[in-house]
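Residue numbers (my numbering), protein chains in the order written: chain A, -15 to 260; chain B, -15 to 260; chain C, -15 to 260; chain D, -15 to 260. Step one of this worksheet: look at the structure below.
There are 4 protein chains.
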Amino acid sequence: MRARIEGWRHTLYQIIYQSNTPIGRGFDIALMVLILASVLTIMLDSVAEINQEYGKELYAAEWLFTVLFTLEYGLRIFCIHKPIKYIVSFYGIIDLLSITPSYLSLFLPGAHYLQVIRILRVLRIFRVLKLVRFINQANILVNALLASRLKIAIFMFTISTLLIVFGSTMYLIEGPENGFTNIPVSIYWSVVTLTTVGFGDITPKTDLGRAVSAIVMITGYAIIAVPTGIFTAELSKEMKKQRKADQRTCPRCRHPGHEKDANYCRICGMELPPSH
Amino acid sequence: MRARIEGWRHTLYQIIYQSNTPIGRGFDIALMVLILASVLTIMLDSVAEINQEYGKELYAAEWLFTVLFTLEYGLRIFCIHKPIKYIVSFYGIIDLLSITPSYLSLFLPGAHYLQVIRILRVLRIFRVLKLVRFINQANILVNALLASRLKIAIFMFTISTLLIVFGSTMYLIEGPENGFTNIPVSIYWSVVTLTTVGFGDITPKTDLGRAVSAIVMITGYAIIAVPTGIFTAELSKEMKKQRKADQRTCPRCRHPGHEKDANYCRICGMELPPSH
Amino acid sequence: MRARIEGWRHTLYQIIYQSNTPIGRGFDIALMVLILASVLTIMLDSVAEINQEYGKELYAAEWLFTVLFTLEYGLRIFCIHKPIKYIVSFYGIIDLLSITPSYLSLFLPGAHYLQVIRILRVLRIFRVLKLVRFINQANILVNALLASRLKIAIFMFTISTLLIVFGSTMYLIEGPENGFTNIPVSIYWSVVTLTTVGFGDITPKTDLGRAVSAIVMITGYAIIAVPTGIFTAELSKEMKKQRKADQRTCPRCRHPGHEKDANYCRICGMELPPSH
Amino acid sequence: MRARIEGWRHTLYQIIYQSNTPIGRGFDIALMVLILASVLTIMLDSVAEINQEYGKELYAAEWLFTVLFTLEYGLRIFCIHKPIKYIVSFYGIIDLLSITPSYLSLFLPGAHYLQVIRILRVLRIFRVLKLVRFINQANILVNALLASRLKIAIFMFTISTLLIVFGSTMYLIEGPENGFTNIPVSIYWSVVTLTTVGFGDITPKTDLGRAVSAIVMITGYAIIAVPTGIFTAELSKEMKKQRKADQRTCPRCRHPGHEKDANYCRICGMELPPSH
Chain A
-15 MRARIEGWRH TLYQIIYQSN TPIGRGFDIA LMVLILASVL TIMLDSVAEI
35 NQEYGKELYA AEWLFTVLFT LEYGLRIFCI HKPIKYIVSF YGIIDLLSIT
85 PSYLSLFLPG AHYLQVIRIL RVLRIFRVLK LVRFINQANI LVNALLASRL
135 KIAIFMFTIS TLLIVFGSTM YLIEGPENGF TNIPVSIYWS VVTLTTVGFG
185 DITPKTDLGR AVSAIVMITG YAIIAVPTGI FTAELSKEMK KQRKADQRTC
235 PRCRHPGHEK DANYCRICGM ELPPSH
Chain B
-15 MRARIEGWRH TLYQIIYQSN TPIGRGFDIA LMVLILASVL TIMLDSVAEI
35 NQEYGKELYA AEWLFTVLFT LEYGLRIFCI HKPIKYIVSF YGIIDLLSIT
85 PSYLSLFLPG AHYLQVIRIL RVLRIFRVLK LVRFINQANI LVNALLASRL
135 KIAIFMFTIS TLLIVFGSTM YLIEGPENGF TNIPVSIYWS VVTLTTVGFG
185 DITPKTDLGR AVSAIVMITG YAIIAVPTGI FTAELSKEMK KQRKADQRTC
235 PRCRHPGHEK DANYCRICGM ELPPSH
Chain C
-15 MRARIEGWRH TLYQIIYQSN TPIGRGFDIA LMVLILASVL TIMLDSVAEI
35 NQEYGKELYA AEWLFTVLFT LEYGLRIFCI HKPIKYIVSF YGIIDLLSIT
85 PSYLSLFLPG AHYLQVIRIL RVLRIFRVLK LVRFINQANI LVNALLASRL
135 KIAIFMFTIS TLLIVFGSTM YLIEGPENGF TNIPVSIYWS VVTLTTVGFG
185 DITPKTDLGR AVSAIVMITG YAIIAVPTGI FTAELSKEMK KQRKADQRTC
235 PRCRHPGHEK DANYCRICGM ELPPSH
Chain D
-15 MRARIEGWRH TLYQIIYQSN TPIGRGFDIA LMVLILASVL TIMLDSVAEI
35 NQEYGKELYA AEWLFTVLFT LEYGLRIFCI HKPIKYIVSF YGIIDLLSIT
85 PSYLSLFLPG AHYLQVIRIL RVLRIFRVLK LVRFINQANI LVNALLASRL
135 KIAIFMFTIS TLLIVFGSTM YLIEGPENGF TNIPVSIYWS VVTLTTVGFG
185 DITPKTDLGR AVSAIVMITG YAIIAVPTGI FTAELSKEMK KQRKADQRTC
235 PRCRHPGHEK DANYCRICGM ELPPSH
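As structure tokens, then:
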């Protein structure tokens, strides 16, 4: 009996977690469709005209999706060997977060819109596609981002300091009578201006304020070069490394990534076959 | 008789499709002028004041262009060996699309503005110019874009997910009373903000909304680094490849990468064959 | 007696200026917290609703912070060997500037908002963190910025000239009746437009004005490539230099550029000394 | 007599055109100051409040500057050997253009604002500074721009085509009732949106219009990568070339730019001294 349950659990595991069997692949694709349909339902539900006419149908659909996803979440926990590991994983948390808003909405009206977080589940698609090339490319991007994280952090810290200084200066110059109601609002204006978004909901009116704004704008325009430069340089490095890794492997110690001009393995000293 | 038609067809083919004869070149240039004149006519026609005064003349001109282009389309099909191949090609479709709106406008008023799609026909200019250097440079750009398409796709997918999450969050925070009428509208706002366009037609009014907006803006400002970095890295690689292909190898010591002005191998002193 | 004071001064110096002792580290962290709390106090004070309710408490807190920072400033001067060198240093000036606004506000109401300049003191955090990696990365960024300063200066000079020309042209075309009140205002508009901020507080109304604006916008959109390109190229160079400095040279054949994991020279097979 | 005039002309030439004598340098600096003062005068003159109070003084100053610049222009023509060459040169045209608006304003009121074109004369500063490093850096930038001009042209051509297509599409979708008055105005909106400026003077109101706008915005946001990538790649190449040129020169044929690994001159086959 237990063996049968075990076998059944294993089959379920293969269907839900893997996608190398036709049925597993089918499950993954069906899941993607359900997620997108569910997110679309919530979006349409928020449109007043559609809500008035099809409110009930959408409400039913939302609950249907919730029940299905709850069921799926239960099965995911049930059929995996180490359920805790899944529950605390990135996707485990996303999966839980994407069903709770519905139940929450029973007590808190409006909370059901939080269901859109379900969209994050589609990020699984990269796993579903199981395209080695996709994974490789995504890894290169992620590695470049990781390699630049310290530099980006320094940049962000400096920018934040600048934003506070610029915001407060503008508050002093323009003041509440020109829409710079208080320092937090002025910092919001700094963000809008430095990032070159420029909503125009708050704009400087005084001559001095416009002069300072010009400095903020030119600063924002020029320093975009910094994160771009950081990421580009790291990505170039990462791509070169990748290309190098595609090169030769030592026949004795199996160490990969020998450069084109190498005659000997740099790890074990073995003579390498001539590079092509 | 048939031979004469064949000969005539071939001459026509050379005039219309090729540009190495003076008459073929003349045809191409005349076509470019006609296309631009036709697009200008449609633009002017859309300006109310001009339309009121010269409406009839512009209408006549539009039909003249349409008849000419229809004739040209017919000849293109007639004089080519494999008409189907042309019809389903990129330019074949553009050519067809640029004449249909006029005929459509007989039933559907306003449709004639769709004629501006004719502007896409001027992309042929690169072929007309027949400048090898232009083609080379365009190829480098296209290769770099192709090489980065997987990475760009991953980036776009992640951005789309972010836009939905940001949009829905702002809908929940700001709500219809502050212009965030529904989730699709809020996603439109996300796009406006993340891409740093910042129309200002919809802006956050609450403190929390402004704080979240600041995050969206800084995200948009910083992640522009990602596509830029991807394309720059790929383009650098592509340009290096191109330069390597232009370089020479020593016939004695096989050392590669000799510059264009080199007469002797810089490693072994051997005289190099003249560069082309 | 004098020796005791000397000893006391030295201990104080270690606590305030260094962070390798537990108490020194504690002092630095406490200082960071105080600075952030102080900046937050000023921000909250500027919000009308909060000011009305907690005005007195915030006023007291501001003075408390000022007294503490004044005390700290005095101790910094007292315990260092060369006080003048500290006073005229970057952080010495920031430290002085961050206490003066409070005293100034006794005569000049509103001046106390200038206290936000205190935020610049948190830049010390990099020194506090004493993370070698952070310092290294920051150095790379600063070196790249220094290396590109001449090129950036040329770019900025050219942009400024362009801004004046574009601004004046728009003043002539649009004139005061369309919001381009005078040339300085039109130059402000140029900055808003060229940097792609686009507040929309001043916009062209005439056809010619819109055509010129389109040129300004496309210019701004395209030339962002220049500072980005400059910084990226310099950063790449700087990072390569850094990597080379991290690499090793074979003691036998002198071939440079051996990677960190290399045990043997890849050219002559010689065993390399262990990497640090 | 003639010799004396010749001698006097030559001295004048040295003062006006060269800056290696103290008096020549003094002349150049005085000229820069005059140009900036003149531009400032025109700017202030355009401010209504200042004009009302100091209108006469500014008017007098403008004429003073004009007379001085006219005199300088005359002397420049008089003291140079080939006046025609100067007159048709870039700076010759700028010099002429910067005095004509004043005389034009006698017949055409308002024309005197065109005097701001004088600002372009300050570009001479690079020549005045005579800093070799500045010239070198500017050359690198200009070379990179020249090297990328074909690629940038292809990019600009494609963008223009896109702008027309996007603009016309939006005209059809939104129409005059939503501010998209005619196709040229819609193309202006395309430019505002694609370049991420986003004034907000014209914004889409319909759902379909907003969806298309989102596409325009994301396109604009992503393709900024193209010019940036082009310029960055060309600049990197140019900087590498420059660094190479700093390397070694052949002792026989004086050919510069030998790479670090070169043992023989690649032009004349001469053995090179070992690289340091």
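In this text, a Cβ means the ideal position worked out from N, Cα and C, and glycines have one as well.
For Glu255 of chain B, the pairing in a beta bridge is given by DSSP as B:Tyr248. Pairing Lys189 of chain A with Gly163 of chain A gives a Cβ-Cβ distance under 9 Å. Counting only runs that start and end inside the region 185 to 223 of chain A, there is no beta strand (DSSP E) element of at least 3 residues.
Excluding the 5 residues flanking it on each side, Asn247 of chain D has same chain C-beta neighbours closer than 7 Å at Glu255 and Leu256, in chain order. Interface residue (Cβ-Cβ distance to chain C less than 9 Å): Asp185 of chain D is classified as such.
In this structure, Tyr70 of chain A sits near Ile61 of chain A, with a CB-CB distance shorter than 9 Å. Assignment of Asn166 of chain C by DSSP, reduced to helix, strand and coil, places it in the coil class.
Contact between Tyr57 of chain A and Ile83 of chain A holds, with the beta-carbon distance rounding to 6 Å and staying under 8 Å.
Leu219 of chain A is classed as buried because its beta carbon has at least 16 other beta carbons within 10 Å across all chains shown. Note on geometry: alpha-carbon atoms of Trp47 of chain B and Phe139 of chain B lie some 45 Å from one another. The C-beta of Pro257 of chain D comes no closer than 9 Å to any C-beta of chain B. Here the alpha carbon of Leu42 of chain D sits roughly 10 Å from the alpha carbon of Gln36 of chain D. By the neighbour-count criterion, in which 16 or more other beta carbons inside 10 Å mark a residue as buried, Gly39 of chain B falls on the exposed side. When the beta-carbon positions are compared, Thr187 of chain B and Asp185 of chain A come within less than 9 Å of each other. Shown in chain order are the members of the region 118 to 142 of chain B whose Cβ falls below 7 Å from a Cβ of chain A: Leu134, Lys135 and Ile138. Ranked by how close their Cα comes to the Cα of Val31 of chain C, the residues A:Thr165, A:Thr233, A:Met223 and A:Ile19 have A:Thr165 in first place. Close to Pro211 of chain C, with beta-carbon spacing below 7 Å, are these residues of chain A in chain order: Ala206 and Ala209. Identification of chain B residues near Leu156 of chain D by a Cβ-Cβ cut-off of 8 Å yields Gly94, Tyr97 and Leu98, ordered along the chain.
Cβ atoms of Val149 of chain B and Leu104 of chain A come within 8 Å of each other, at about 7 Å. Per DSSP, reduced to three states, the secondary structure at Pro235 of chain D is coil, with no helix or strand assignment. Interface annotation, Val176 of chain B: not in contact with chain C, CB-CB separation never under 9 Å.
Residue nearest to Thr25 of chain B within the set B:Leu92, B:Arg(-12) and B:Leu98 is B:Leu98 (criterion: CA-CA distance). In the three-state reduction of the DSSP assignment, His65 of chain D falls in the coil class, being assigned neither a helical nor a strand state.
An exposed status is given to Ala44 of chain D, since fewer than 16 other beta-carbon atoms sit within 10 Å of its beta-carbon. Pairing Arg227 of chain D with Arg250 of chain B gives a Cβ-Cβ distance that is not under 9 Å. A straight line joining the alpha-carbon of Leu146 of chain D with that of Phe215 of chain C spans about 30 Å. Residues of chain A whose Cβ lies closer than 8 Å to the Cβ of Ile202 of chain C do not exist, since the nearest Cβ in that chain is about 15 Å away.
Ranked by how close their Cα comes to the Cα of Asp29 of chain A, the residues B:Val51, B:Val169, B:Tyr(-3) and B:Ile136 have B:Val169 in first place. In terms of CA proximity to Met16 of chain A, A:Val106 leads the group A:Val106, A:Leu192 and A:Lys221. Shown here is that no member of the region 161 to 174 of chain A has a Cβ falling below 8 Å from a Cβ of chain D.
Between Pro235 of chain C and Met223 of chain C, the alpha-carbon positions lie close to 25 Å from each other.
In the structure shown, Ser144 of chain B adopts helical secondary structure according to DSSP, grouped into three states. Within the same chain, Cβ atoms closer than 7 Å to the Cβ of Cys63 of chain A are found at Arg(-7), Leu(-4), Tyr(-3) and Ile0, the five residues on either side in sequence being excluded. When only Cα atoms are considered, Ile208 of chain D and Ser86 of chain B end up about 35 Å apart. By a beta-carbon distance limit of 8 Å, Pro211 of chain A contacts Ala206 of chain B. Their separation comes to about 5 Å. Per DSSP, the unbroken alpha helix (DSSP H) holding Pro85 of chain D starts and ends at Thr84 to Leu88.
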